[in-house]
Amino acid sequence: MWNLSDIAKSVDEWLNSVMSPTWVLVVEMVVIGVLAIALFAVLGLVLVIMERKVAAYMQIRLGPNRVGPKGMLQSLADTVKLLVKEGLTPAGADKFLFNLAPFIAMITAMLLLAPLAFAKDFQIWDLNIGVLYITAVSSLSVIGILMAGWSSNNKYSLLGAMRSGAQIVSYELSAGLAIMTVVILTGSLQMSEIVKSQADGWWLFKGHIPAIISFVIFIIAVTAETNRAPFDLAEAESELTAGFHTEYSGMKFALFFLAEYINVFIVCAVGATLFLGGWMPFHIGNWEGFNHVMDYIPSSIWFFGKTFFLIFVIMWFRWTFPRLRIDQLLNLEWKYLLPISMLNILVVTLIAIKGWHF
Amino acid sequence: MYTITEEILTTPSGDMVINVGPQHPATHGVLHLLITLNGETIKKVEPHLGYIHRSIEKMCESLSYRQFIYSTSRMDYLSAHINNHGCALAVEKGLQVEIPPRAEVIRVLMDELTRVASHILAWGALAMDLGAFTPFFHAFREREMINDIMEETCGARLTMNYMVPGGVMMDIHPNFQRRVKELLKQFSEKIDEYDELVTYNTIFINRTKNVGYLSKEDAISFGVSGPSARASGVSCDIRKIYPYSIYDKLKFDEILYTEGDSYARYMVRVQEVKQSLSIIEQLIDNIPEGDFQAKTKAVLKLPKGEFYSRVETARGELGVYIVSEGGMTPYRIKFRSPGYSNLSALDHMTRGSKIGDLIASMGTLDLVIPDIDR
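These protein sequence lines map, in sequence, to chains A and B.
Residue numbers for the first sequence follow numbering that gives the first Met the number 0, beginning at 0 and rising by one.
Residue numbers for the second sequence follow numbering that gives the first Met the number 0, beginning at 0 and rising by one.
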């Protein structure tokens, strides 16, 4: 069977046979870095075209259809256009911070690729606090946005950044608590352990109603954390023109744009790993034949399939719902989602202690 | 270097002044609002006008009575037919001509089609202002059908110039009735979709309920008219209270809500679409045979005097006031446009609310900027 971990292993063995272990480590790090950047770029392009096609489908129109087959190369053309555009820096801006901000946004998004389990035994860095690492690093993304808003010397940017700061800091709590439910059920913070614990069933199904509640809360909270509609108050183009990236142009704007999509991919990948079993295939009880067929599908396909399904759901939100107001947004978090997730975590703890889950 | 940090820190109250417009996605045109903010809370909204002032009223003074009607298509371009109708009515008052029944029915049909097109565009634009893009495209699907009907009969899609003193410029296209019936069928299927997508959406209701409140007294004192006033409980439908054309013979309801908030203004428009469709249904099979235009002289001359007509456009009351000295051109023309008065209530409606509420209030006032500036 075609398997990513086999390829990785054979590459590792071949490298070990031709050079010393130290050099193998260096070469592997470089290769992984290049692969991560390539994945970053490819994901950005794929997600942008996917968003545009999903939007077009919802809006009874065709979407991009000129560049490449069915317009699939449109985002490549857009990238080339953005690359050759002049990157303006406004006169009153804090030049250092203004130019640094997009890179912070991008680097935090890239760091999050490390602990994701893309396929069976295929991970960049399987650290034992993987989930904690993800919650910790993802909270850094707000710094990039605040920096961009503050240094632009633009009132729209400033308002957008302040909104974004309040929003991301608030919704992190719910997202974190929703993630904690799975950590409690599994008893591990390690991504590979969490996936392995779902070999006999996904946590969404095994964890009774509390797991479903925390899954819903997780999806809502990460939609807000990634500044996607209906929580896109940081950009809110009908109120603040473009929010925190009003003054950005060219590739610096594109970095923010890419970082948003990579963040969407990462939160969906985390959701798929925690609640939908990561690369584990879908099994139904004792249906041996069915389970065997499901096993035959490569694990990477399972992972990306689940992730892209969640991405589709989040895109669906964006093209259906109106935007919330800032006070309603914070009310939703502090008055509804946070108390519910706190109660939920107590119930889950009880379930985990008593061993009631399947 | 001047920075906003300095401005905020040096202003004693910590206020921030923001220019919303003249180029802003939510103003739908070149409206310029100077808003004073304290954090996210609005302290003052000051509209600055004049960016699209073309002095249409002055221009009209040098145009003949046939010609000046065309310039009014450029005022409230989303209800061009109704503007034309108002002007034609004023001129006809001076000419004392009898309008053939066929022309009257065609005029009302066109007016109501325009109203439907304008209201569904307002529906889509409001949803877009509130952050939902999809309804805008769904609104355009039906609006496109109306535009195609207009194109066949009038030759234009936006600035129709179809009504002339004494009737309409040309007869309706042979396809007209069939296309309108198709439109009615399409609407009966899709109007529930509209409601599901926007009207019953919890986020939409939260964004518009109790937002931009305008009391009945304030609505009257600001001179607000049209759907925006009817949402505050002011009965002001010119089609009902001062019927013109054949509106007194038609069956339709004046939609009145008493809440006075953005949601009520939105609901008035949704219900008015249904009323307009019922008017079209009543008339489409009953277009009388006969002339589409009364016989008038080649050069129109109004007798000395003042002539005033009022019509209900999609945004409110349009008054057309003509002063004639007996010549070929009007001595003075004054338009009472609904948008100008409606905009004046915006500051009162939005003080103390958030930026998002300003957008919701502005969207439900349904402002068309060339109508305000003329």
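Even glycine gets a Cβ: it sits at the ideal position worked out from N, Cα and C.
Give a yes or no on whether the minimum CB-CB distance between Met314(A) and chain B is below 8 Å. no
What's the call for Met0(A), buried or exposed, on a 16-neighbour Cβ count within 10 Å? Confidence at Met0(A) is low in this model, with a pLDDT of 48, below 50, so the placement of that residue should be treated as unreliable; the coordinate-derived value is given next. So Met0(A) ends up on the exposed side.
Contact check, Ile123(A) vs Ala113(A) under 8 Å by CB: the rounded distance? 5 Å
In chain A, what lies closer than 8 Å to Pro24(B) by C-beta? Glu236, Ser237 and Thr240
Less than 8 Å between the C-beta atoms of Ile167(A) and Val130(A), yes or no? no
What's the call for Gly186(A), buried or exposed, on a 16-neighbour Cβ count within 10 Å? exposed
If we call anything under 8 Å between Cβ atoms a contact, is Ala293(B) one with Gly93(B)? no
Does the beta-carbon of Leu257(A) have 16 or more other beta-carbons within 10 angstroms, so that it is buried, or is it exposed? buried
Should Glu141(B) and Phe186(B) be called a contact, given that it needs their Cβ atoms to be closer than 8 Å? yes
In chain order, what residues of the same chain lie with their CB nearer than 8 Å to the CB of Trp315(A), ignoring the 5 residues before and after it? Val53 and Met57
Have a look at Pro24(B), Asp14(B) and Tyr50(B) and flag the residue whose alpha-carbon is nearest the alpha-carbon of Ile34(B). Asp14(B)
Could you run through the segment 48 to 71 of chain A and flag, in chain order, every residue whose CB is less than 8 Å away from some CB of chain B? Ala54, Met57, Gln58, Ile59 and Arg60
Assuming the contact rule is C-beta atoms closer than 8 Å, Arg335(B) and Tyr241(B) should be a hit. Round their C-beta distance to whole Å, please. Not a contact, Cβ separation roughly 13 Å.
Given a limit of 9 Å on CB to CB distance, which residues of the segment 67 to 91 of chain B reach chain A? none
Please name the residue, chosen from Leu129(B), Arg264(B) and Glu181(B), that lies closest to His118(B) on a Cα-to-Cα basis. Arg264(B)
7 Å Cβ cut-off: residues of chain B touching Gln166(A): Simply none; closest approach about 12 Å.
What would DSSP say about Val104(B), mapped onto helix, strand or coil? helix
Kindly indicate which three-state DSSP category Gly70(A) falls into: helix, strand or coil? helix
Is the Cβ-Cβ distance between Ser84(B) and Met162(B) less than 8 Å? The sequence given here places His at residue 84(B); Ser does not occur at that position. Yes, Cβ-Cβ distance for His84(B) and Met162(B) is below 8 Å.
Determine, using beta carbons only, whether Asn146(B) comes closer than 8 Å to chain A. no
Can you list the residues of chain A that Leu129(B) reaches, using a CB-CB cut of under 7 Å? Pro321 and Arg322
DSSP-derived helix/strand/coil call for Val267(B): helix
Would you mind giving the Cβ-Cβ distance between Thr349(B) and Val44(B), rounded to the nearest angstrom? I have them listed as a contact below 8 Å. 6 Å
Give me, in chain order, the residues of the same chain whose beta-carbon lies closer than 7 Å to that of Glu234(A); leave out the 5 immediate sequence neighbours on both sides. Gly159, Asn226, Ala241 and Gly242
Measuring only between beta-carbons, confirm whether Gly355(B) sits less than 8 Å from chain A. yes
Would you tell me roughly how many angstroms separate the C-alpha atoms of His47(B) and Asn153(A), rounded to the nearest one? 21 Å
Would you identify the three-state DSSP class for Met0(A), choosing helix, strand or coil? Any answer about Met0(A) is weak, because its pLDDT of 48 lies below 50 and its placement is not dependable; what the coordinates show is given next. Here Met0(A) sits in coil by DSSP.
Proximal chain A residues relative to Arg206(B), where beta-carbon distance stays under 8 Å: Pro321, Arg322, Leu323, Arg324 and Gln327
How many whole angstroms separate the CB atoms of Ile321(B) and Leu342(B), which I take to be in contact at a CB cut-off of 8 Å? Going by Cβ atoms, the distance from Ile321(B) to Leu342(B) rounds to 25 Å, so no, they are not a contact pair.
Short of 7 Å in beta carbon distance, which residues of its chain neighbour Lys8(A), apart from the five on each side in sequence? Order them along the chain. none
Taking only three categories from DSSP, how would you classify Leu342(A)? helix
Quick one, are the C-beta atoms of Phe217(A) and Ala268(A) less than 8 Å apart? no
Straight-line CA distance for Tyr76(B) to Thr201(B)? 32 Å
Taking 8 Å as the threshold (C-beta atoms), are Gly130(B) and Met125(A) in contact? The residue asked about is misnamed: residue 125(A) is Asp in this sequence, not Met. It is not a contact, given that the beta carbons lie outside the stated cut-off.
Spell out a yes or no on whether the segment 270 to 282 of chain A and the segment 191 to 203 of chain A are touching, meaning 3 or more CB-CB pairs, one atom from each, closer than 8 Å. yes
Using CA coordinates, which residue listed in Phe39(A), Ile31(A), Arg65(A) and Met71(A) is at the minimum distance from Glu50(A)? Met71(A)
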